[in-house]
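The structure appears right after this line, and notes come after that.
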Amino acid sequence: MDVQTTRIVPDGGYGWIIVAAVAVINMTNQSILSVFGQLFVGELRRMQEDTFTAALITNLNSLALNFSGLFIGPAIKSFKPRNVAACGCLLVSFGLVLCSFATQTWHFIVGYSGFVGFGLGLISPSTFMAINSYFTTKRGRAVGVSLAGAGVGQVFIPHVVRYFMVNHGFRGAVLAMASLSLTGVFGALFLKPLTPAPVKHNNRKHMQLLVDKQDKSQTSITIQPLQSTSTPTKTDETLCGRMAHRLAQAMDLELLKDLVFWSIIVGMALVYTATINFTMVFPSFLQHTAQLDSQLVATCMSVVAGADIICRLLLPCITDRLRIPYRVVFLLGTAGLLFGRLLLAGSTNLGVIISMSVLIGMTKSATVINNNLTISAHCRADKLAGGLGLSMISKGIIVITIGQLLGWIRDYADSYVICLYAQAVLLLLVVLVWTPEIYYRFRKQQQHNTSKSMETTYMSPEQASSNSRA
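Read in order, the letters of the sequence shown correspond to residues 1 to 470 in full-length UniProt numbering.
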């Protein structure tokens, strides 16, 4: 006899240990993306490579990162989030070791774009799934605290990279980052899966269900010969058709029938592409356009990371208490990034740069925290893994196309300011498309709630008299 089980979500408890473990993983692995320009651009210039090549490496990294969504669903189901996250940390460390011995551009493509990108692609959804299974009402705060680990890494890792670059050179700095990423394996050991608990049920009702099930099975056995004689055998189910059907089910491709889901994943992919490109060009903008020295460049990057980490801790508490939808918070963060880009591109004053660094860090946290949360709010629980995978794939496609175009614009215009304006165009497009859609859905839901409340409060005279008699 099969024992029925269900998941009792603790909404805390051991889940906070998992949050701390994920924070360690993010701090030592995800934050590596923020120091690409500081770590690799100088070495690429020594090889006489331009911004287009640097953009190609970062975009291929994002491509590998996001196209790992093709495998992440089956991998998590087969090997559990703990093993997938540990494997991702090992791949990141191995890729950085390869980059430390790079002498040609394709070495960076194999090491950083391939191994590091695919490893980070395994880490992000597996850690989110581990947290998602332990929390319900406190999910936003849990995700914010875990992502704050990446913010902590972005605060001190630029200074660590600067120290090793000055004292030990490029190879020593990259090997130090490879060693640091291995500490994420220790955090992955704590990603304990949530085990289902047995359900208490009525024995009499359970026996009745078994009897009904047995009766149905016997009925189907007696009817089966009649169906086999009258129904012809299907010949259109080929091997390719069955494979395609199973692939569509595994990846939840039916989500692509939803136009709102398309709007969500494409919009988030555009914001993600603009963020990746900004991370790459921001240090160069500060150094060459604003004419800041290496100490001030590292300080400005730390200011962005500091504002980011503070808001990752505080923002979910505010939005959860006010019950603001995740997608609305993501949209507000996108609008803040747009405003910060425009002001940053129009000034080289140190005060303005620091102020916009704070603003960009704050609004960036809103988009990072609510990225996967927006998908989880729109998709059902059984479709969440597929939704995350499709979102990652859309990011990979847009990064390798639009992201590479941003790198070409920077080289063609020979201006980091023009590149910032091009990023602002992408952010503006998301704001212009999402705002009327969200407002329309909000008004429609408000009207539906109003009409529903009127139906529940209205009572006819016949119903009133019957109730009074009762």
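Every residue, glycine too, gets a C-beta built ideally from N, C-alpha and C.
As assigned by DSSP and simplified to three states, the class of residue 99
Taking the first residue of the sequence shown as 1, we reach residue 99 at position 99. Annotated three-state conformation of residue 99 is helix, per DSSP.
Compare the beta carbon distance of residue 260 and residue 380 with 9 Å and say whether it is the shorter of the two.
Your numbering for residue 260 matches position 260 in the sequence shown. Your numbering for residue 380 matches position 380 in the sequence shown. Inclusion of residue 260 and residue 380 in the CB contact set at 9 Å is not warranted, their separation being larger than that value.
Secondary structure at residue 308, three-state DSSP: helix, strand or coil?
The residue you call residue 308 lines up with position 308 of the sequence shown. Taken through DSSP and simplified to helix, strand or coil, residue 308 comes out as helix.
I need the straight-line Cα distance from residue 192 to residue 18, nearest angstrom please.
For the purposes of this step, residue 192 is identified with residue 192 of the sequence shown, where counting begins at 1. For the purposes of this step, residue 18 is identified with residue 18 of the sequence shown, where counting begins at 1. Each residue's Cα considered, the two are about 8 Å apart.
Considering just the uninterrupted stretch of the alpha helix (DSSP H) at residue 118, what are its terminal residues?
Residue mapping note: residue 118 aligns to position 118 of the sequence shown, counting from 1. Unbroken alpha helix (DSSP H) run through residue 118: 117-132.
Local conformation of residue 450 per DSSP, three classes:
As a working mapping, residue 450 is identified with position 450 in the sequence shown. DSSP, reduced to helix, strand and coil, places residue 450 within a helical segment of the structure shown.
Please confirm whether residue 72 and residue 269 have their CB atoms less than 9 Å apart.
The sequence position of residue 72 within the sequence shown is 72, counting from 1. The sequence position of residue 269 within the sequence shown is 269, counting from 1. One thing to note: residue 72 has its Cβ no nearer than 9 Å to the Cβ of residue 269.
Within 10 Å of its beta-carbon, does residue 156 have 16 or more other beta-carbons around it, so buried, or fewer, so exposed?
Within the sequence shown, the letter at position 156 stands for residue 156. Residue 156 sits exposed, since fewer than 16 C-beta atoms from the chains shown fall within 10 Å of its C-beta.
Start and end residues, alpha helix (DSSP H) containing residue 349
By 1-based counting over the sequence shown, the position of residue 349 is 349. Note, residue 349: premise wrong, no alpha helix (DSSP H); not H, not E.
Are there three or more Cβ pairs, one per stretch, closer than 8 Å when the segment 315-325 is compared with the segment 134-142?
Segments in contact, yes.
Hey, how far is the Cα of residue 448 from the Cα of residue 265?
Reading the sequence shown from its first residue, position 448 is the one you call residue 448. Reading the sequence shown from its first residue, position 265 is the one you call residue 265. Their Cα atoms are separated by approximately 26 Å.
Please classify residue 254 as buried or exposed, where buried requires at least 16 other C-beta atoms within 10 Å of its C-beta.
Within the sequence shown, numbered from 1, the residue matching residue 254 stands at position 254. By the neighbour-count rule (16 or more Cβ atoms within 10 Å), residue 254 is not buried but exposed.
Out of 333, 184, 123, state which residue places its alpha-carbon closest to the alpha-carbon of residue 24.
Taking the sequence shown and counting its residues from 1, the one referred to as residue 24 is at position 24. The residue among 333, 184, 123 with its C-alpha nearest the C-alpha of residue 24 is 184.
Between the CA atoms of residue 409 and residue 39 - distance to the nearest angstrom
To locate residue 39, count along the sequence shown from 1; it is residue 39. To locate residue 409, count along the sequence shown from 1; it is residue 409. Cα to Cα, residue 39 sits roughly 23 Å from residue 409.
Where does residue 415 fall in DSSP's three states?
Numbered from 1 along the sequence shown, position 415 holds the residue referred to as residue 415. It is coil, neither helix nor strand.
Assuming residue 364 and residue 293 make a contact with CB atoms under 8 Å, what is their CB distance in whole Å?
Here the question's residue 364 lines up with position 364 in the sequence shown. Here the question's residue 293 lines up with position 293 in the sequence shown. Residue 364 to residue 293, Cβ: 24 Å. No contact.
Closest residue to residue 429 among 331, 388, 413, 419 (Cα-Cα distance)
In the sequence shown, the residue the question calls residue 429 occupies position 429. Residue 331 is the option with its Cα nearest to residue 429.
Beta-carbon proximity of residue 171 to residue 94, cut-off 9 Å
Here residue 171 refers to the residue found at position 171 when the sequence shown is read from its first residue. Here residue 94 refers to the residue found at position 94 when the sequence shown is read from its first residue. It is not a contact, given that the beta carbons lie outside the stated cut-off.
C-alpha gap between residue 126 and residue 340, whole angstroms
The residue given as residue 126 occupies position 126 in the sequence shown. The residue given as residue 340 occupies position 340 in the sequence shown. Whole-angstrom Cα-Cα distance: 32 Å.
What's the C-alpha gap between residue 246 and residue 160?
Residue numbering aside, residue 246 sits at position 246 when the sequence shown is read from its first letter. Residue numbering aside, residue 160 sits at position 160 when the sequence shown is read from its first letter. Spanning the two alpha carbons is a distance of roughly 47 Å.
Given residue 356 as reference, the closest of 369, 371, 326, 337 once Cα atoms are compared:
For the purposes of this step, residue 356 is identified with residue 356 of the sequence shown, where counting begins at 1. Looking at the Cα atoms, 337 is the closest of the given residues.
Are there 16 or more other CB atoms within 10 angstroms of the CB of residue 87, so buried, or fewer, so exposed?
Start at 1 with the first residue of the sequence shown, and residue 87 comes out as number 87. Burial check for residue 87: the Cβ neighbour count within 10 Å reaches 16 or more, so the residue is buried.
Using C-beta distances below 7 Å, list every residue in its chain close to residue 360, excluding the 5 sequence neighbours before and after it, in chain order.
By one-based count along the sequence shown, residue 360 stands at place 360. Once the five neighbours on either side are set aside, the close Cβ partners of residue 360 are 304, 337, 340.
Quick check on DSSP: helix, strand or coil for residue 207?
Indexing the sequence shown from 1 puts residue 207 at position 207. Bear in mind that a pLDDT of 46 at residue 207, under 50, signals an unreliable position, so the number given afterwards is only what the model happens to contain. For residue 207, the secondary structure class from DSSP, reduced to helix, strand or coil, is helix.
Buried or exposed: where does residue 239 fall if 16 or more other Cβ atoms within 10 Å of its Cβ makes it buried?
Residue numbering aside, residue 239 sits at position 239 when the sequence shown is read from its first letter. Classification of residue 239: exposed, given that the 10 Å Cβ count is below 16.
Since residue 62 contacts residue 333 with CB under 8 Å, what's their CB separation in whole angstroms?
As a first step, residue 62 must be located in the sequence shown, where it is residue number 62. As a first step, residue 333 must be located in the sequence shown, where it is residue number 333. A Cβ-Cβ distance of about 19 Å is found for the pair residue 62 and residue 333, leaving them out of contact under the 8 Å criterion.
If you follow the alpha helix (DSSP H) that residue 179 is in, where does it begin and where does it stop?
Locating residue 179 in the sequence shown gives position 179, counting from the first residue. Residues 139-181.
Who are the Cβ neighbours of residue 273 in its own chain at under 6 Å, not counting the five residues just before and after it?
Sequence index remark: in the sequence shown, residue 273 carries index 273 (1-based). For residue 273, same chain residues with a beta-carbon under 6 Å away, outside a window of 5 residues either side, are 398, 399, 402, 403 in chain order.
In whole angstroms, give me the CA-to-CA distance for residue 34 and residue 241.
Locating residue 34 in the sequence shown gives position 34, counting from the first residue. Locating residue 241 in the sequence shown gives position 241, counting from the first residue. Each residue's alpha carbon lies about 43 Å from the other.
Segments of 3+ residues assigned as beta strand (DSSP E) that fall wholly inside the segment 14-51:
DSSP runs (the beta strand (DSSP E)) wholly in the segment 14-51: none.
Do you know how far the Cα of residue 257 is from the Cα of residue 85?
On the sequence shown, residue 85 is found 85 positions in, with the first residue counted as 1. On the sequence shown, residue 257 is found 257 positions in, with the first residue counted as 1. One C-alpha to the other measures close to 31 Å.
Collapsed DSSP secondary structure at residue 473 in the structure displayed
Since the displayed the chain opens at 1 and closes at 470, residue 473 lies outside it and no answer follows.
Residue of 75, 29, 243, 407 minimising C-alpha distance to residue 281
Counting from 1 along the sequence shown, the entry for residue 281 is found at position 281. Distance check between residue 281 and each of 75, 29, 243, 407 places 407 closest, using alpha-carbon atoms only.
Do residue 20 and residue 190 have their C-beta atoms within less than 9 Å of each other?
Counting from one through the sequence shown, the residue named residue 20 turns up at place 20. Counting from one through the sequence shown, the residue named residue 190 turns up at place 190. Cβ distance < 9 Å, so residue 20 and residue 190 count as in contact.
Taking only the alpha-carbon atoms, compute the straight-line gap between residue 416 and residue 444 and give it to the nearest angstrom.
Numbered from its first residue, the sequence shown carries residue 416 at position 416. Numbered from its first residue, the sequence shown carries residue 444 at position 444. C-alpha of residue 416 to C-alpha of residue 444: approximately 43 Å in a straight line.
Does the beta-carbon of residue 174 have 16 or more other beta-carbons within 10 angstroms, so that it is buried, or is it exposed?
Position 174 of the sequence shown holds residue 174. With 16 or more other Cβ atoms within 10 Å, it is buried.
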